[in-house]
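Those sequence lines, one after another, are chains G and S. Just add 118 to wherever you are in the first sequence, counting from 1, and you've got my numbering. Just add 338 to wherever you are in the second sequence, counting from 1, and you've got my numbering. Glycine is no exception: its CB is placed at the ideal position from the N, C-alpha and C atoms. Before any comments, here is the structure.
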Amino acid sequence: MIPRLLEPLAAALPAAGFMPQRASSVAGNVDRVFGFIFWVSLAALVLILVLTVVFVLRYRVRSGRTAPEPSPSHHNRLELLWSAIPLALVMIIFGVSTAAWLDMIEPATGPDPLRVQVTGRRWSWWFDHPGGRGAPELHLVAGRPAVLTLASTDVVHSLYLPDFRLKQDAVPGRFTRMAFTPVLAGNFPVLCAEYCGTDHSRMLATAVVHPDQASFDAWARAGAGEALSLSDLGKKVLAAKGCLACHSLDGTPRVGPTFKGLWGREEKFADGTSAKVDENYLRESVVKPGAKVVAGFANLMPPVPLEEREMQGVVAYLQTLGTAP
Amino acid sequence: MTTAVSAAEPAAESYLRHGRGLRSWLLTIDHKRIGLMYLGLIAFMLFLGGIFAMVLRMNLWRPAGGLVSNDTYNKLFTLHGAVMVFLFVIPGIPAALGNFVLPLQLGAKDVAFPRVNLLSFWLFALGSALFVATLVAGGVDTGWTLYPPYSLEGSRGLGILLALTGVFVAGFSSILTGLNFIATIHTMRPPGMGWFGLPLFLWALYATAIIQIVATPVLGITVALGFMERLFHLGLFMPEYGGDPVLFQHFFWFYSHPAVYIMILPAMGIVSEVVSVFSRKPIFGYRFIAMSSIAIAVIGFFVWGHHMFVSGQSKWASVVFSFLTMLVAIPSAIKTFNWLATMYKGAIVLRTPMIYVLAFFAIFGIGGLTGLFLGSLATDVPLHDTYFVVAHFHFVMVGAVLTAFMAGLHYWWPKMTGRMYSEASGRLSAVLVLVGFNVTFIPQFLAGVAGMPRRYATYAAAFQTNNRVSTVGAFILAAGLLLAASGLLASLARGRRAPANPWGAASLEWSAASPPSHHNFDRTPTAGDPYDFGGLREVSAEAGWVRAAGGAP
Chain G
119 MIPRLLEPLA
129 AALPAAGFMP
139 QRASSVAGNV
149 DRVFGFIFWV
159 SLAALVLILV
169 LTVVFVLRYR
179 VRSGRTAPEP
189 SPSHHNRLEL
199 LWSAIPLALV
209 MIIFGVSTAA
219 WLDMIEPATG
229 PDPLRVQVTG
239 RRWSWWFDHP
249 GGRGAPELHL
259 VAGRPAVLTL
269 ASTDVVHSLY
279 LPDFRLKQDA
289 VPGRFTRMAF
299 TPVLAGNFPV
309 LCAEYCGTDH
319 SRMLATAVVH
329 PDQASFDAWA
339 RAGAGEALSL
349 SDLGKKVLAA
359 KGCLACHSLD
369 GTPRVGPTFK
379 GLWGREEKFA
389 DGTSAKVDEN
399 YLRESVVKPG
409 AKVVAGFANL
419 MPPVPLEERE
429 MQGVVAYLQT
439 LGTAP
Chain S
339 MTTAVSAAEP
349 AAESYLRHGR
359 GLRSWLLTID
369 HKRIGLMYLG
379 LIAFMLFLGG
389 IFAMVLRMNL
399 WRPAGGLVSN
409 DTYNKLFTLH
419 GAVMVFLFVI
429 PGIPAALGNF
439 VLPLQLGAKD
449 VAFPRVNLLS
459 FWLFALGSAL
469 FVATLVAGGV
479 DTGWTLYPPY
489 SLEGSRGLGI
499 LLALTGVFVA
509 GFSSILTGLN
519 FIATIHTMRP
529 PGMGWFGLPL
539 FLWALYATAI
549 IQIVATPVLG
559 ITVALGFMER
569 LFHLGLFMPE
579 YGGDPVLFQH
589 FFWFYSHPAV
599 YIMILPAMGI
609 VSEVVSVFSR
619 KPIFGYRFIA
629 MSSIAIAVIG
639 FFVWGHHMFV
649 SGQSKWASVV
659 FSFLTMLVAI
669 PSAIKTFNWL
679 ATMYKGAIVL
689 RTPMIYVLAF
699 FAIFGIGGLT
709 GLFLGSLATD
719 VPLHDTYFVV
729 AHFHFVMVGA
739 VLTAFMAGLH
749 YWWPKMTGRM
759 YSEASGRLSA
769 VLVLVGFNVT
779 FIPQFLAGVA
789 GMPRRYATYA
799 AAFQTNNRVS
809 TVGAFILAAG
819 LLLAASGLLA
829 SLARGRRAPA
839 NPWGAASLEW
849 SAASPPSHHN
859 FDRTPTAGDP
869 YDFGGLREVS
879 AEAGWVRAAG
889 GAP
């Protein structure tokens, strides 16, 4: 609410050209919080500087002023006051910022978000889009929620979209996630923000936001079939590694739970806990199958070493098998 | 210069003349000589790190770079960061100025463990030598933050191992200094000095020492684990051996965030001394300032996760770290307002130390307030790892610490050397540092908000103006520092002899001769209020200030 009161002031900063465009659903909120902190901080800074200058001018030693005037050497109530006011201000900042952030990291993505698998590697980005097309640019649709699943095949990278006010590290050995809705069609810069070696500063890409789904589909179709899509790769991996001997695709429980409807399912484990099936759960179940054993099944599965791209493929393929009702 | 003693206490021989020859310096256990040796070494490290910075800034003159290769640029910013952090800013105030001043402010002969103090210096020298060896071995390009997997990849050779060993060894120096200071403050306070009679510089050093002995071992363990991970593939931090790179980030920031307070707390201590003496008024709200130092030291341990808001750490961890980060702003706010209240109705004397302190107010104000943008979750997401962060931490770690260091150096210079420096060059240097610093780093805030990531050897053409202004500022800043250095060094040859108490300060170091004798005090002094200026009267510029017998005027 408080940032909203300051909306005109907050909007002054991007309007004055200090910030990139607001190209995502979260950018407006972030800028409002930024504007609020900016004007509060500026007021505090001006207070400090004005007091400093005024005191120096008024109380500096000069002819006629050689000694200090009597004044108290402490004043508990005053000191508590200038502890309490900053405390109240930073707590308000914390409140508005955290509220905005919680909306930002877990936005409502609707039933059918555009899912993109993002791979960082030295020194370029690779984006696997639904429909099978992979590209060095990120393709999105204005107005359609997007969920990006980030992975890295070598060192830590960070996917940075300044116009979207978003950034997320891509960490080897785990998946991370970024979700938002692009609101402006056009081309926007994509950068790497986590230092990754020689050409870190040239690890650049473009985010192409299509004005509508039809435009995206046309782009996706044009390139389909050129190479094995990520989910087709996942399907091949499941067959080649023998996964399908124990995990069915049609809903029948065998030695292990079925893959049908697995994505997004609330899985119950032998130790009584439960978790929602997401990309990091799947990775753990492949790398360390004994870590979470699904209730009703025996702990029999061996760890299956997969290349990072094979792992991404398995995730992409299981996502296509539908979610639990 | 036959004898360098003041008129006030013409008895003993100065510590500078006590013992001659190189050996009497290198193996000295006199805290004052150890302090001076630290000062020489960290000044060299500041110069070395500064050269690296100037090459970086010149490479950024053009968006495509080109002065040096990308790899060389990456090595330069790594060594710039590592040398400045580990070998200048962290040891700067505590080890150099603290070593010299702490026993004197306690009216003591030395620190509690003088031999450990010498060991501490030589460990620091060894750590520094290992960094220079890293440079000779081809350098490292890991960033001073040493994030794996990049920093520990199998292809890395000797350089990273030397650098990790250097950090490890220099860390022990810091731990031993902290131990020594804590023991000294606990056991060697003079008659009449209770805990709330300590000068605030000592409260600051005490709080710093707590952080040094609690946090630095974690850094030592982390780099030792990194060393072993690189050689023996233990599977701690490297995903390819089954480790977790984010674990390293937690360990690293568990030390490296409190390390920011190792840097800023002693700086705040100097500001408390200088602002009181040069306002000719007792420090306002002594207890609040003393307790703020302790509060910063304690809360500062629980905020490290704010470096990792976009690293994939859990949501609620981020919320808690953000909350605690906001709390740590409060003690700094209290101190700032108490310093201003000290100036209120004072008699402000604009000598060089005070001008540096005024510069500190502006720079620390900006540095502290811009921290709010980064401690707050929503705004940190776009700003993280951009030039906004670079500008913010340079304002705090460099601008604020450096201006306070320069204030302290000029303030205690007459005590250390027995010579008065030139006020003209001192004041001009303070103005150049203030202007140069802001011209360098304010454009970097703007570049960060507009989306320029840090550690970029090349950049988009849109940021050229920001970078050029910044480079010009860096030259102004360098000129200010060189002017200060030349003014101080010139005073050794040409400076007027300093009286025991040139500023009219009331803490005990000013009752010793300038420079002090080898054993500091002929008789153990009795401590009074370190901020009671009543009764102090300036006899003349040459004779300095003396306390009139019979107390207050």
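Can you name the residues of chain G whose CB is closer than 9 Å to the CB of S/T724?
Y278, P280, K285 and A311
Distance, Cα to Cα, G/L207 vs G/G379?
Their backbone Cα atoms lie some 48 Å apart in a straight line.
Since G/M296 sits in a beta bridge, which residues does DSSP pair it with?
G/L266
contact_flag[the region 611 to 623 of chain S, the region 560 to 570 of chain S] where n(CB pairs < 8 Å) is 3 or more:
no
Looking only at its chain, what residues have a beta carbon closer than 7 Å to the beta carbon of S/G684, apart from the 5 residues adjacent to it on each side?
Same-chain partners within the cutoff: S617, R618 and K619.
Please report the residue range of the alpha helix (DSSP H) in which G/E402 lies.
For G/E402, the uninterrupted alpha helix (DSSP H) segment begins and ends at E397 to V405.
With 8 Å as the threshold, decide whether the Cβ of G/A325 is near any Cβ in chain S.
For G/A325, the closest Cβ of chain S is not nearer than 8 Å.
Look at the alpha carbon of S/Y749 and the alpha carbon of G/L167, and state the distance between them as a whole number of angstroms.
23 Å
Would G/A297 and G/P248 qualify as a contact pair, given that the criterion is a beta-carbon distance under 8 Å?
In this structure, G/P248 does not lie closer than 8 Å to G/A297 by Cβ.
S/N412 CB to nearest heavy atom of the ligand MN below 7 Å
Only the bare structure without any ligand can be found here, which leaves the ligand MN out of the picture.
Cβ atoms of S/G373 and S/N437: under 8 Å apart, would you say?
yes
If we require 4 or more residues per run, which alpha helix (DSSP H) segments fall completely within the region 614 to 665 of chain S?
Annotation: the region 614 to 665 of chain S contains the following complete segments of the alpha helix (DSSP H) (minimum length 4 residues), in chain order: 624 to 637 and 653 to 665.
DSSP state of G/K394, grouped into three classes?
strand
Just the C-alpha distance for S/T717 and G/D287, rounded to the nearest angstrom, thanks.
16 Å
Can you have a look at S/L696 and say buried or exposed, based on whether 16 or more other CB atoms are within 10 angstroms of its CB?
With 16 or more Cβ atoms within 10 Å of its Cβ, S/L696 is classed as buried.
Could you tell me the boundaries of the alpha helix (DSSP H) in which G/D389 lies?
No alpha helix (DSSP H) holds G/D389; DSSP gives it neither H nor E.
Have a look at the DSSP bridge pairing and note the partners of S/S808.
For S/S808, which the question treats as bridged, DSSP gives no partner whatsoever.
Which bits of chain G does S/V787 rub up against, with CB to CB less than 7 Å?
F136 and M137
If you draw a straight line from the alpha carbon of G/M137 to that of G/F152, how long is it in whole angstroms?
11 Å
For S/A886, would you say it is in contact with chain G, using Cβ-to-Cβ distances shorter than 8 Å as the test?
no
Of all the options G/E385, G/D330 and G/A311, which has the alpha carbon lying nearest to the alpha carbon of G/A323?
G/A311
Apart from the five residues just before and just after S/G419, which ones in its own chain have a Cβ nearer than 6 Å to its Cβ?
W482
By the criterion of Cβ-Cβ separation under 9 Å, what are the contact partners of G/M429 in chain S?
At a beta-carbon threshold of 9 Å, none of the residues of chain S lie near G/M429; the nearest stands roughly 12 Å away.
Please list, in chain order, all residues of the same chain as G/E426 whose beta carbon is under 7 Å from its beta carbon, the five residues on each side excluded.
A269 and T271
Ignoring anything shorter than 4 residues or poking outside the region 330 to 386 of chain G, list the alpha helix (DSSP H) runs there in chain order.
Complete alpha helix (DSSP H) runs here, min 4: 331 to 341 and 348 to 358.
Check S/A838 in the structure and name its three-state DSSP category.
coil
Can you pull out the residues from the region 193 to 208 of chain G whose beta carbon lies closer than 7 Å to at least one beta carbon of chain S?
E197, W200, S201, P204, L205 and V208
Stretch pair the region 638 to 645 of chain S + the region 673 to 689 of chain S: three plus CB contacts closer than 8 Å:
no
Starting from the beta carbon of G/S319, find every residue of chain S whose beta carbon is closer than 9 Å, and list them in chain order.
G403, N408, Y411, P791, R793, Y794, A795, T796 and Y797
Quick check on S/H722: buried or exposed, where buried means 16 or more other Cβ atoms within 10 Å of its Cβ?
buried
Within chain S, partners of G/R292 - CB distance below 7 Å
G650
Should S/T741 be flagged as near chain G, meaning a C-beta pair shorter than 8 Å?
no
Starting from S/G481, find everything on chain G with Cβ-Cβ shorter than 9 Å and list it in chain order.
Y313
At a Cβ threshold of 8 Å, is G/W381 touching chain S?
no
For the candidate residues S/G607, S/V421 and S/I367, whose alpha-carbon lies nearest to that of S/F382?
It is S/V421.
Determine, using beta carbons only, whether S/L874 comes closer than 8 Å to chain G.
no
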